[in-house]
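Counting from 1, one number per residue, gives the positions in the sequence shown under the UniProt record's numbering.
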Amino acid sequence: MKKSMMIALSGLFVVVTIMLCTNTNKVYEKKKYFSSPNEIIEIINHKQLGALNKDGVFVTTSDFKECLSKRKRVTDSNFNYYKIDGEILPENNTKESKEFILDDYRRRVSMLEGYTVPEKLEVLTLTGIGYSTSDLYIQNKEVECSNPENIDINIVFIDEGEGWVIDYFWISTNGGEDVLYNQ
Numbered sequence: 001m002k003k004s005m006m007i008a009l010s011g012l013f014v015v016v017t018i019m020l021c022t023n024t025n026k027v028y029e030k031k032k033y034f035s036s037p038n039e040i041i042e043i044i045n046h047k048q049l050g051a052l053n054k055d056g057v058f059v060t061t062s063d064f065k066e067c068l069s070k071r072k073r074v075t076d077s078n079f080n081y082y083k084i085d086g087e088i089l090p091e092n093n094t095k096e097s098k099e100f101i102l103d104d105y106r107r108r109v110s111m112l113e114g115y116t117v118p119e120k121l122e123v124l125t126l127t128g129i130g131y132s133t134s135d136l137y138i139q140n141k142e143v144e145c146s147n148p149e150n151i152d153i154n155i156v157f158i159d160e161g162e163g164w165v166i167d168y169f170w171i172s173t174n175g176g177e178d179v180l181y182n183q
């Protein structure tokens, strides 16, 4: 009886371990490939970027996930905006500002083990209005935002070999004084 009990407990342990180690959250697999960062900007400006799931938790839409690099799809994108209306302003996209953003990006990814900075990079700052998920409410079956914010989104686009994607963004309000997300 002791031997059969040990075999049964060992089997139960193996089954429980397999169940715990199996990841049910798979990485989002891309279906669309962008030939330029401008195509991604079009998605950001014209598509819904987030939604509430059936549990009431904010999740990134598949349209926005298509814009993210594999590294950003594996980790939490931490992009909590329902919608953005932005534009590329020349005064916010100077050579100096782009170098500053690129230096910050390189410094941050240099801390990641096994990650190499791609050769093809492009940097843009998108300036506009962001509709934060924390300020959303529903009125007449439509999603409304009670407090739209003036934001700047500094974005580093990379070419993963299968098209351009967002690998890094830095969102700030009040002309860069308040950093909201630095990913």
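Ideal placement from N, C-alpha and C gives every residue a C-beta, glycine not left out.
Residue i vs residue j beta-carbon contact at 9 Å
i, j, result
"Lys120", "Asp159", "yes"
"Arg71", "Tyr115", "yes"
"Ile171", "Ser69", "no"
"Phe157", "Glu122", "yes"
Residue i (DSSP reduced to helix, strand or coil)
i, result
"Gly86", "strand"
"Val165", "strand"
"Glu122", "strand"
"Val59", "strand"
"Leu68", "strand"
"Gly11", "helix"
"Ser35", "coil"
"Thr173", "strand"
"Ser4", "helix"
"Thr116", "coil"
"Ile18", "helix"
Cβ-based neighbour list, residue i, same chain, cut-off 7 Å, excluding 5 preceding and 5 following
i, result
"Gly11", "none"
"Ser97", "Thr125"
"Gly128", "Ile84, Asp85, Gly86, Glu87 and Ile151"
"Asn92", "Thr125, Thr127 and Asp152"
"Ile18", "none"
"Leu180", "Because Leu180 carries a pLDDT of 48, less than 50, the predicted location of this residue cannot be relied on, and the following value inherits that uncertainty. The residues are Ile171, Ser172 and Thr173."
"Lys30", "Glu66"
Closest by C-alpha distance to residue i, when choosing among the options
i, options, result
"Asn150", "Tyr131, Arg107 and Phe157", "Tyr131"
"Asn154", "Gln48, Lys83, Phe100 and Asn45", "Phe100"
"Ser134", "Arg107, Tyr105, Phe58 and Val117", "Phe58"
"Pro37", "Glu113, Lys95 and Gly163", "Gly163"
"Lys118", "Glu91, Tyr168, Met6 and Ala8", "Sequence check: residue 118 is Pro here, not Lys. Residue Tyr168 is the option with its Cα nearest to Pro118."
"Asn147", "Val15, Thr173 and Asp103", "Thr173"
"Phe79", "Pro90, Gly50 and Leu89", "Gly50"
"Ile44", "Thr61, Lys95 and Asp104", "Thr61"
"Tyr81", "Lys95, Arg106, Thr94 and Gln48", "Gln48"
Residue i, enclosing beta strand (DSSP E) - first and last residue
i, result
"Glu149", "Glu149 to Asp159"
"Val109", "Run containing Val109: none in the beta strand (DSSP E); it sits in the alpha helix (DSSP H), Lys95 to Ser110."
"Leu52", "Gly50 to Leu52"
Own chain residues within Cβ distance below 6 Å of residue i, not counting five before or after
i, result
"Ile40", "Phe34 and Cys67"
"Glu102", "The identity of residue 102 in the sequence shown is Leu, whereas the question assumes Glu. So the list reads Val123, once near-sequence residues are dropped."
"Asp104", "none"
heavy atom of the ligand FMN below 8 Å from residue i C-beta
i, result
"Phe34", "In the structure on display, the ligand FMN does not appear, and there are no ligands present to speak of."
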